[in-house]
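Everything below concerns the one structure shown next.
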Amino acid sequence: MNRIVVAACTPKIHEPTYRAVLQEAGLSPYFFEMVNLREHCSFVHQGDKGNATEKAKRLVRAGINRAR
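In my numbering, the protein residues as written are 45 to 112.
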């Protein structure tokens, strides 16, 4: 494993923490992608769980592709 994809909330708060953990583990802090599910799925599709889930799947796949 040499790349990390995190699907969670806003990167503004947590991205520096994840990058620091990668660096401590001996991995490049630049081999990291963060997918913001909270603002891009949960908040905008509150009344439509089906669409929120499908969008989340697409965003996670895109994050994985960016990490490659």
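Just so you know, even glycine gets a beta-carbon here, dropped at the ideal spot from N, CA and C.
These numbers were taken from a predicted model, which means no experiment stands behind them.
Burial state of residue i (16 or more Cβ within 10 Å)
i, result
"F76", "buried"
"N46", "exposed"
"R112", "exposed"
Terminal residues of the alpha helix (DSSP H) in which residue i lies
i, result
"V104", "93-111"
Local conformation of residue i per DSSP, three classes
i, result
"A52", "strand"
"V8", "With the chain covering only 45 through 112, there is no way to say anything about residue 8."
"R63", "helix"
Pair within 8 Å by beta-carbon distance, residue i and residue j
i, j, result
"A96", "C85", "yes"
"V79", "V104", "yes"
Reference residue i; option with closest CA among the options
i, options, result
"S72", "V104, L81, E83, P60", "P60"
"L66", "A100, K56, V50", "V50"
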